[in-house]
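Chains R and E supply the protein sequences, listed in that same order.
Quick note on numbering: the working numbering labels position 9 of the first sequence as 9, and the sequence is numbered without any gaps.
Quick note on numbering: the working numbering labels position 391 of the second sequence as 591, and the sequence is numbered without any gaps.
Cβ atoms here follow ideal geometry from the backbone N, Cα and C, with glycine treated the same way.
Predicted model, so just to flag it, every value in this text is computed and none were measured.
Here the structure comes first, spelled out in structure tokens, and everything after it is commentary.
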Amino acid sequence: MAKNEPPDFRQDRRSWLKTSATVLGSALLPLPAVSAETASLSPDTRPTGAESASPFFTPAEHSLIEELSETIIPADSHSGGAKAAKVADYVEQVVGASVDEQRKALWKEGLRLIDAMSQHRTGKSFVDSSPEERIAVLTILSDNEDLTDLPEIRFFHALKHLTVRGYYTSKIGIHDELEYKGNKVLMEFVGCDEPAKESS
Amino acid sequence: MAESEVDLSKTYDAIVVGSGAAGGMAAHVLTSHGLQVLLLEAGKKLPIEKELRSMEWPYDNPNRGGLPPDSHSLTLNEYTVRNPPYSAGFEKYKHLYNYVGNTDYVKNIVVDERDHPTTGTNYAWVRARCLGGKTNIWGRLALRLSDYDFKAKSHDGYGEDWPISYSDIAPYYDKVDLYLGITGVRENLPNLPDSLFQRPSKLNCAELQLKQGIRKMGRTVTQYRAGVTTDGLKHNKYRSRCFSRGACERKGGCDIHAAFDSPTGLIYPAMDTGNLTLRTNAVVREVLVDSQTGKASGVHFLDSETMKDYTARAKVVIVAASTLESARLLLLSKSRLHPNGLANSSGHVGHNFCEHIMGPRVFGQMKEMVGKPPTLDDGKPGGYYLTRFRNLTERHPKFIRGYGFEGGSGSRMFPEGTDAKGFGASFKEEIRKNQGSYISMGAFGEVLARYENYVDLDPQVKDKWGMPVLRFHYRFGENEKHMAEDMLQTAQEMFEASSFKILESSGKILTEGWSIHEMGTARMGNDPKTSVLNQFQQSHDVKNLFVVDGAGFVSASCHNPTWTIMALCWRSCDYLADQLGKGNL
């Protein structure tokens, strides 16, 4: 897969990172990866409030996670999506309580990089983008998911993993979406009575 | 049940070290013979129903059933790229568990790796230090061995035959079946004898299609033979019958005890006889030997919480601490009369260490099931078992012995297929539509018992209680590697023959130890020079010492060991009680 990696993404990435530095007014991000220290120390990403109970993600970051998770598992005619299933609260809980500083830093940095990508592409933040524009940003990451040396790709994996986990362990995910039938007392397991097709 | 107080001033008839499948069975059989038994367990007695919470929904759990954020369970990759002790590099976590301890329901059942380091070669050693040990979380596949296993050397020339035949142990398998309950379907296979089964569950559609698909190859899929009571057990008030609640795999344990576990299946009923005394938090560090007679006289143990030392005495000592811990205890029990460790005049203690190799697997889909309305597929004690077919009537050119596959299919609480690429509406819809269509299986193969695969005591490293830890000298050999290649090929060919679409298959071998089926470190045999125990798991050297867990296995078979451990233990304890009564011990 490494041989087929699309060169345009790295090229494109350089340009959007430069642009985003201007747009966001922050220092030029080092390439190829942002160190954990840089990310966790930068003032705009530090959690507000001094109490240990205060949320790890800022309200803006929380909204961003809501929209990102909803883009990964959206509401449809069958059931609610990640937003209704409160996946962002789950992410806050898991990442906020994590003792893995690198993991925390990746989330902070990833959120910033996603917004930078969005700004670069449309001049709008991810949250302010249309569903189509949001899908376009995540498609770039999804299509390049093997480039795990890049922090935004690692972030995409982490985001997708926690979204899936949070969603399919929620009431909406288990009962509305999958219509899970188990975890209740049965008199007998029904099983398969139909004679399955004899393969020839 | 009434718990009696430990009386360390008295000499018990028997001390049993360890409370898992073997120790629990020894306690049951010996107390039923009227013997006064002291059962020592190194771990604590957990409020097990509170740990297992089998019907808790993930969203009602603070971590959705996962570990708290300050805890970590080792991953396959970490076992592979790191060397023992595995605790190094995980300082940021308050608790570090083996790979099984990855849920909120199991974390307190398995040990913290930091308290229990190992050294030497890589080995994923899953330990559960608590009353009942690993039976609290075992996979429940309950298979008999046959003379293809007991007489494997006669069949292919490798290793040693067991000092028993199937006919010796068959009546004891029957006793275990009836006392503990087992569900399954009779198949009349010479290599996998049938048990006395309780009500079976049906296969689901994909499992049935696999069964039919491979029938013409002369291969057999049968219902998972689970050590689970589906009809209930009138003689046991601590266990309920299975109510097909499903989601069993998610938790690992069964809080209504339909699945066998040693405390409710064996130990509590043994306490009700009035003949059993249980002492938990008792870390046995040495089997004591009478310097005049050379016989075992009792044990030294350490209270795991207070670190205080105690001595308990008995006429017979029964070691049932698990294959590796039992070997360790024998090696730790050095004395003037037994300078190489107890029961080790042969030098075979710790050697001939064997297990089951795992890894090769296939994951596929029954296309006809895609988009079907959701069904309840996990409301049964297990999926299916695909029985051994290699080296029974024909000889494979590249390896000896055999393997079987465990598998399952259908929808479950947490869906499969979530690692598919992409995201968004189509990703969500695919997961929903495909959820009931998946089928998978993974192989368990016999690892040959080899003298050069062994454990000994590390000269430097000690555990939390100051006891030398085990050092591993253990690797898979060429036979296992050839077998693993064949596992992958046959898995693929059988899925193709069943018209499944193969989505993923892997021949990657998992870290040594992954099967949690350690065996062979104090093997039985007729020759005291090349074996540690006789056919009754009695030490050749010390006649009032028995080792009744998987340590006595002569070869690994490819069948899961728990049911055989208990059948053998029952047989040995009947013999023990008889001999003790006759004054022969």
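Within a Cβ cutoff of 7 Å, which residues of the same chain sit near residue i, ignoring the five residues on either side of it in sequence?
| i | result |
| --- | --- |
| E/Lys633 | Val570 and Gly571 |
| E/His682 | Lys598 and Phe599 |
| E/Asp347 | Ser365 and Tyr366 |
| R/Phe189 | none |
| R/Ser79 | Ile172, Asp176 and Glu177 |
| E/Asn261 | Asp304 |
| E/Ser497 | Leu488, Val489, Asp490 and Arg513 |
| E/Leu408 | none |
| E/Lys701 | Gly564, Gln565 and Lys567 |
| E/Glu505 | Asn481 |
In chain order, what residues of the same chain have a beta carbon less than 6 Å from the beta carbon of residue i, not counting five sequence neighbours either side?
| i | result |
| --- | --- |
| E/Gln779 | Leu785 |
| E/Gly602 | Arg588, Arg590, Asn591 and Cys758 |
| E/Leu410 | Val421 and Ser698 |
| E/Arg329 | Ala242, Gly243 and Val311 |
| E/Asp432 | A small correction: the amino acid at residue 432 of chain E is Gly; Asp does not occupy that position in the sequence shown. These residues qualify, in order along the chain: Arg441. |
| R/Val23 | Reliability fails at R/Val23, whose pLDDT of 43 lies under 50, so the model's placement of it is uncertain and no value is given. |
Looking at the structure shown, is residue i part of a helix, part of a strand, or coil, going by DSSP?
| i | result |
| --- | --- |
| E/Pro363 | coil |
| E/Lys796 | Residue 796 of chain E is absent from the structure shown; chain E starts at 201 and stops at 785. |
| E/Phe290 | coil |
| E/Thr211 | strand |
| R/Lys137 | Note on residue identity: the sequence assigns Val, not Lys, to residue 137 of chain R. Of the three classes helix, strand and coil, the one that applies to R/Val137 here is helix, per DSSP. |
| E/Ala557 | The question names Ala, but residue 557 of chain E in the sequence shown is Ile. If DSSP states are grouped into helix, strand and coil, E/Ile557 belongs with the strands. |
| R/Ala158 | helix |
| R/Gly25 | Below a pLDDT of 50, predicted positions are generally treated as unreliable, and R/Gly25, at 36, falls in that range; the measurement from the model is reported next regardless. DSSP places R/Gly25 in coil when its eight states are reduced to three. |
| E/Tyr305 | coil |
| R/Arg13 | helix |
| E/Phe746 | strand |
| R/Arg112 | helix |
| E/His717 | coil |
| E/His295 | strand |
| E/His272 | strand |
| E/Arg612 | coil |
| E/Ile467 | helix |
| E/Gly752 | helix |
| E/Arg479 | strand |
| R/Phe189 | coil |
| R/Gln93 | helix |
| E/Ala643 | strand |
| E/Gln737 | coil |
| R/Ile65 | helix |
Would you mind working out which of the options sits nearest residue i, comparing C-alpha positions?
| i | options | result |
| --- | --- | --- |
| E/Ile183 | E/Arg479, E/His548 and E/Arg601 | The question about residue 183 of chain E has no answer, for chain E in this structure spans 201 to 785. |
| R/Glu92 | R/Ile65, R/Ser130 and R/Glu152 | R/Ile65 |
| E/Gly453 | E/Gly602, E/Pro285, E/Arg253 and E/Thr280 | E/Arg253 |
| E/Tyr372 | E/Ala777, E/Leu768, E/Gly783 and E/Tyr775 | E/Leu768 |
| E/Tyr510 | E/His435, E/His500 and E/Arg282 | E/His500 |
| E/Asn475 | E/Val742, E/Ala756, E/Lys743 and E/Gln236 | E/Gln236 |
| E/Leu703 | E/His551, E/Glu616 and E/Thr762 | E/Glu616 |
| E/Phe746 | E/Ala777, E/Ser462 and E/Met255 | E/Ala777 |
| E/His625 | R/Ser125, R/Arg134 and R/Asp149 | First, the amino acid is wrong: residue 625 of chain E is Ala here, not His. The option with the nearest alpha carbon to E/Ala625 is R/Arg134. |
| E/Asp749 | E/Ala520, E/Gly645, E/Gly725 and E/Asp207 | E/Ala520 |
| E/Glu696 | E/Gly781, E/Met417 and E/Glu525 | E/Met417 |
Could you check if residue i belongs to the surroundings of the ligand MN, using beta carbon to heavy atom distance under 7 Å?
| i | result |
| --- | --- |
| E/Val516 | No copy of the ligand MN occurs in the structure displayed, which carries no ligand at all. |
Could you pull out every residue in the same chain whose Cβ sits closer than 8 Å to the Cβ of residue i, ignoring the five residues on either side in sequence?
| i | result |
| --- | --- |
| R/Pro6 | Below a pLDDT of 50, predicted positions are generally treated as unreliable, and R/Pro6, at 46, falls in that range; the measurement from the model is reported next regardless. Asp143 and Asn144, listed in sequence order. |
| E/Ala426 | Arg340, Leu341, Ala342, Ile382, Thr383, Gly384, Ala459, Pro581 and Gly582 |
| R/Leu41 | Its pLDDT being 38, under 50, R/Leu41 is placed unreliably by the model, and the measurement read from it follows with that caveat. Counting only Cβ-Cβ distances below 8 Å, and skipping sequence neighbours, we find nothing. |
What whole-angstrom Cβ distance do residue i and residue j have, given they're in contact under 8 Å?
| i | j | result |
| --- | --- | --- |
| E/Ser401 | E/Val562 | The pair is not a contact, with the Cβ atoms about 23 Å apart (cut-off 8 Å). |
| E/Thr231 | E/Thr473 | 5 Å |
| E/Gln635 | E/Ser611 | 5 Å |
| E/Ser440 | E/Ile456 | 4 Å |
| E/Tyr323 | E/Phe672 | 5 Å |
| E/Gly224 | E/Leu466 | 4 Å |
| E/Arg675 | E/Asn552 | Not really, about 14 Å apart at Cβ, beyond 8 Å. |
| E/Glu555 | E/Tyr585 | Going by Cβ atoms, the distance from E/Glu555 to E/Tyr585 rounds to 18 Å, so no, they are not a contact pair. |
| E/Val376 | E/Trp770 | 6 Å |
| R/Val87 | R/Gly166 | 4 Å |
Checklist line | Continuous alpha helix (DSSP H) assignments of at least 4 residues falling wholly in the stretch 651-700 of chain E | finding: 678-697
Note to self: In chain order, what are the residue ranges of uninterrupted beta strand (DSSP E) at least 3 long that sit wholly in the stretch 483-543 of chain E?
What the structure shows: 496-503 and 509-519
Notebook entry, point to check: Hey, which unbroken runs of the alpha helix (DSSP H) at 4 residues or more fall wholly within the stretch 392-435 of chain E?
Noted result: 405-415
Margin query: List, from N- to C-terminal side, the alpha helix (DSSP H) runs of 4 residues or more that fit wholly inside the stretch 213-264 of chain E.
Written below: 221-232 and 248-252
Next item on the list: With a floor of 4 residues, list each alpha helix (DSSP H) that falls wholly inside the stretch 310-365 of chain E, ordered by position along the chain.
Entry: 347-350 and 352-356
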